[in-house]
Amino acid sequence: MSVIVVSDLHKFYGSLHAVRGVSFAVERGEVFGLLGPNGAGKTTTIETIIGLLRRDRGEVTVLGFDPEKDALSVKSRIGIQLQTVHLFPRLTVLETLKLFASFYRRHRPFEELLDLVGLTEKAHARVEKLSGGQLKRLSVALAFVGDGEIFFLDEPTSGLDPQSRRSLWETIGKLRNEGKTIFLTTHYLDEAERLCDRVAIIDHGVIIALGKPRDLIAEHFQEKAIEIPLADAEALNVASLPGVTRLQKDESVLTVYTADLSRTFVALSTLAEEQGIPLGNVVVREATLEDVFLRLTGRRIRE
Amino acid sequence: MRVFFRFLGAHFKNTIRDRMALFWFLAFPILFVFLFGIIFGNAGGSWNLRVGVAIDSGLSFPAPESASGVTLFEGSREGELEALRKGQRDVVLALEGGTIVLFTTPREVEKAQVFAKMVENFLLKEELRFRGLSPSRGVEVRTLAMPRFRQIDYFLPGVLAMALMQVGLFGSLDFVELREKKVTRYLAAMPLRREIVLWSEITMRVGIALMQTAVVLFAGWAFFRVQFSGAYVALLLWVLLGSAVFVSLGYFLTSFARTVESASGLIQMVQFPMMFLSGIFFPPEVMPDSLRFVVRLFPLSYLGDALRAVAVNIPSQFGLTVDFFVLLFWLFGSFVLARRFFRWE
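Chains A and B supply the protein sequences, listed in that same order.
Residues in the first sequence are numbered consecutively from 1, following the working numbering.
Residues in the second sequence are numbered consecutively from 1, following the working numbering.
(1) Quick one: list the residues of chain B neighbouring residue 50 (chain A), beta-carbon separation under 9 Å, in chain order.
(2) So which residues on chain B does residue 220 (chain A) lean against when the C-beta distance must stay under 7 Å?
(3) Return yes when the C-beta of residue 218 (chain B) is under 6 Å from any heavy atom of the ligand ATP, and no when it is not.
(4) So if I threshold CB-CB distances at 7 Å, which residues from the stretch 191 to 222 of chain B count as touching chain A?
(5) Taking residue 3 (chain B) as the query, report the chain A residues whose CB atoms sit under 9 Å from its CB, ordered along the chain.
(6) Mind checking if residue 88 (chain A) is an interface residue toward chain B, Cβ cutoff 7 Å exclusive?
(7) Roughly how far, in whole angstroms, is the beta-carbon of residue 29 (chain B) from the beta-carbon of residue 163 (chain B), given that I think they are within contact range, below 8 Å?
(8) Could you name each continuous alpha helix (DSSP H) segment of 4 residues or more that falls completely within the stretch 97 to 124 of chain A, going from the start of the chain to the end?
(9) In chain order, what residues of the same chain have a beta carbon less than 6 Å from the beta carbon of residue 168 (chain B), not counting five sequence neighbours either side?
(10) Suppose you measure from the CA of residue 64 (chain B) to the CA of residue 52 (chain B); what does that come to, to the nearest Å?
(11) On the CB-based measure, 16 or more other CB atoms within 10 Å of its CB, does residue 259 (chain B) come out buried or exposed?
(12) Can you pull the DSSP bridge partners for residue 142 (chain B)?
(13) Does any residue of chain A bring its CB to less than 7 Å from the CB of residue 6 (chain B)?
(14) Helix, strand or coil, according to DSSP, for residue 7 (chain A) in the structure here?
(15) Taking residue 226 (chain B) as the reference, which of B:190, B:156 and B:172 has the closest Cα?
(16) First and last residue of the beta strand (DSSP E) that includes residue 182 (chain A)?
(17) The beta strand (DSSP E) spanning residue 23 (chain A) covers which residue range?
(18) With a cut-off of 7 Å, does the C-beta of residue 20 (chain B) fall near any C-beta of chain A?
(19) Between the beta-carbon of residue 255 (chain A) and the beta-carbon of residue 223 (chain A), is there less than 7 Å?
(20) Is the CB of residue 129 (chain A) under 7 Å away from at least one CB in chain B?
(21) Helix, strand or coil for residue 2 (chain A) per DSSP?
(22) Contact check, residue 228 (chain B) vs residue 217 (chain B) under 8 Å by CB: the rounded distance?
(23) In the DSSP assignment, what are the bridge partners of residue 224 (chain A)?
(24) If we ignore side chains and look at the alpha-carbon of each, how far apart do residue 289 (chain A) and residue 3 (chain B) end up?
(25) Is there contact here, the stretch 4 to 12 of chain B with the stretch 67 to 83 of chain A, by at least three beta-carbon pairs under 8 Å?
(26) Tell me where the beta strand (DSSP E) around residue 320 (chain B) begins and ends.
(27) With C-beta atoms as the reference, is residue 44 (chain A) less than 7 Å away from residue 19 (chain A)?
(28) To be precise: take each residue of the stretch 299 to 324 of chain B, compare its Cβ to all Cβ atoms of chain A, and keep it if any distance is under 9 Å. Which residues remain?
(29) I'd like to know if the stretch 202 to 216 of chain A and the stretch 23 to 39 of chain A are in contact, where contact means that at least 3 CB-CB pairs between them fall below 8 Å.
(30) How long is the line joining the alpha carbons of residue 300 (chain A) and residue 167 (chain A), rounded to whole angstroms?
(31) Is it buried or exposed for residue 326 (chain B), if we count other Cβ within 10 angstroms and need 16 for buried?
(32) Return the chain-ordered list of same chain residues with a C-beta closer than 6 Å to the C-beta of residue 341 (chain B), the five sequence neighbours on each side being excluded.
(33) Whole angstroms is fine: what's the gap from residue 292 (chain B)'s alpha carbon to residue 318 (chain B)'s?
(34) Spell out the partners DSSP gives residue 92 (chain A) in its beta bridges.
(35) Considering just the uninterrupted stretch of the beta strand (DSSP E) at residue 153 (chain B), what are its terminal residues?
(36) Along the chain, where does the beta strand (DSSP E) containing residue 92 (chain B) start, and where does it finish?
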């Protein structure tokens, strides 16, 4: 059953066409990721879905309601974490949770929430005294406080240290096991790959790929990838190597996709030895969503 | 309602945990009471003696220019006595059944007695002889039955009016901050009516105004024995009206500002002239004529006037009815404008 249905969504900021005809559906109980570089239209899309921005064209339903016409029905059944977290600076973490809990008919226990986001020790600290990462985790806890059916998380892990990121992934997994739906945006490919059941890749306001991460990779690549620093690659005629299917060049790295890794790599090392070029900086890896994005846009997703 | 009270609590905690806000809203007025109280509290006011001469009682005062430190006013008996009640004269001179009577307030009795001797010995000898009165009958000093008030009595309600203005105007910066930091936008994504956020904040602000009232009056009583008239209900109503005026004015002014800094500048532009030109710290008589009309423009003048009347029984300068309608007009005007220009984001 689809809990979020978006079809042909458009949003303009003046003359800027920020979202250009986005369509997708999110099923109950899945973790759905909207993946794309900064400025691709992720935040605009999420804010339009929850009714914070008015859409200019298209249809949106959340749990069967139109968020513009039936705002309260939607808002009371979802939890939202927005990118910018600014709260009453001189309230404590626990007071803030209690304040937000009062907006909903029922709420998750505060101890559990604090534990989920690792803020138990900071329960009585003022919000103004929190670090950036702690503030981010508090905002995630506020999304969960109302115990909604769908959680919207806008870049929940950006600015978090690796440990907090991993623990948030666990939290999201736990909520999925409870049957909650999670809609999140991210520009971390590894996060999308590990965390999301399905991803939509968005660029310049258009969805360029949609599906399970594994399927997306398989659809575009049966190959393995060899990354060679650009400076080294220039001296080598890698296109002529056996098994090479495609080359992808970006600012610093040449990525060689090969259908037959062992033959390509043996040939590459022979070639490198002849030219006297060390291969110490060469990386061999599986194809990832990063490659999918690179292939579809010719750019890497991260700045 | 549950959400309203949660927000009320949140606003309240957020404000009283801000040391700067506490200083400006509560400590600053007390400091003001203290400083001005020490400067003016027990001094006898100006040395200049303001003498009203009731010319309709058949008295003409000779040599008006001859005495330095004496300013003469001439007018009808009733008019001069009224001026005396308002504190615009120190002594009023009248002729009553062959006796020269000096009317004065309890506060100025000593001055009047000195002045009576002066009148008797030097200035009036000619006048008395001319009228065939016996100088030996002397000059009578009579005090008007009116409550005694000192400069600090005049000043204290002014500090209260100033404090109410501070909370009303500067308090609205909190909302600008919520707007600037997009808290209001964030709350728009929550299942609640946003109006609750605003009204709970306004309620909190009025609560602080009441706290200020208690604190200022207590400070006046504790440090300088300023006697509160005891008119609780009247005082409460005037305080509520006054703080409503300045809260609306604050929201109106800050709706034009994007950031806390610009809002703060905007408010200071309004607040400073009002503070010093509203006659809340000294009677408008001490101001040059050219500025007196300004006094009549500001709502703070009328609030101070009314608070003086209800809190410490100092006769109202404009009349309480005028005070009421002027404040009501300001409330209505700024409320309408605040609604018109209000922005959530």
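All residues carry an ideal CB built from backbone N, CA and C; glycine is no exception.
Checking against the coordinates, here is how it stands:
(1) Those are 189, listed as they occur along chain B.
(2) Here the premise fails: no neighbours, minimum Cβ distance about 36 Å.
(3) Absence of the ligand ATP is noted for the structure shown, with no ligands found whatsoever.
(4) Of all residues in the stretch 191 to 222 of chain B, only 191 and 192 place a beta-carbon less than 7 Å from a beta-carbon of chain A.
(5) Residues of chain A passing the Cβ test: 99, 102 and 103.
(6) Under the Cβ distance rule, residue 88 (chain A) counts among the residues neighbouring chain B, one pair being separated by less than 7 Å.
(7) A Cβ-Cβ separation of about 4 Å places residue 29 (chain B) in contact with residue 163 (chain B) under the 8 Å criterion.
(8) 110 to 116, all fully within the stretch 97 to 124 of chain A.
(9) For residue 168 (chain B), same chain residues with a beta-carbon under 6 Å away, outside a window of 5 residues either side, are 243, 246, 247 and 250 in chain order.
(10) Confidence in residue 64 (chain B) is poor, its pLDDT being 46 and thus under 50, which makes the residue's placement unreliable; the coordinate value appears in the next sentence. The straight-line gap from Cα to Cα measures roughly 11 Å.
(11) Exposed: under 16 other Cβ atoms inside 10 Å.
(12) Per DSSP, B:103.
(13) Judged by the 7 Å Cβ criterion, residue 6 (chain B) is in contact with chain A.
(14) Residue state, collapsed to three classes: strand.
(15) When only C-alpha atoms are compared, the closest one is B:156.
(16) Segment 181 to 186, the beta strand (DSSP E) holding residue 182 (chain A).
(17) Element bounds for residue 23 (chain A): 16 to 27.
(18) No, its Cβ sits nowhere closer than 7 Å to a Cβ of chain A.
(19) Result no, Cβ atoms of residue 255 (chain A) and residue 223 (chain A) do not sit closer than 7 Å.
(20) No, residue 129 (chain A) does not count as interfacial toward chain B.
(21) Three-state DSSP puts residue 2 (chain A) in a strand.
(22) Their Cβ separation, rounded to whole angstroms, is 5 Å, which keeps residue 228 (chain B) and residue 217 (chain B) in contact under 8 Å.
(23) Residue 224 (chain A) is bridged to A:258 and A:286.
(24) If you draw a straight line from the Cα of residue 289 (chain A) to the Cα of residue 3 (chain B), it is about 44 Å long.
(25) By the Cβ rule, the stretch 4 to 12 of chain B does not count as touching the stretch 67 to 83 of chain A, because fewer than three pairs are nearer than 8 Å.
(26) In the DSSP annotation of this structure, residue 320 (chain B) is not part of any beta strand (DSSP E); the continuous alpha helix (DSSP H) holding it starts and ends at 320 to 341.
(27) Going by C-beta atoms, residue 44 (chain A) is nearer than 7 Å to residue 19 (chain A).
(28) For the stretch 299 to 324 of chain B, the beta-carbon criterion of a distance under 9 Å to any beta-carbon of chain A is satisfied by none of its residues.
(29) With the cut-off at 8 Å, the stretch 202 to 216 of chain A and the stretch 23 to 39 of chain A touch.
(30) About 27 Å.
(31) The residue in question, residue 326 (chain B), is buried, as its Cβ has 16 or more Cβ neighbours within 10 Å.
(32) If you ignore the 5 residues before and after residue 341 (chain B), its C-beta comes within less than 6 Å of the C-beta of 255, all in its own chain and listed in chain order.
(33) Cα-Cα distance, rounded: 13 Å.
(34) Its beta-bridge partners are A:126.
(35) That residue, residue 153 (chain B), is in no beta strand (DSSP E); its alpha helix (DSSP H) goes 151 to 180.
(36) From DSSP, the beta strand (DSSP E) with residue 92 (chain B) extends over 91 to 96.
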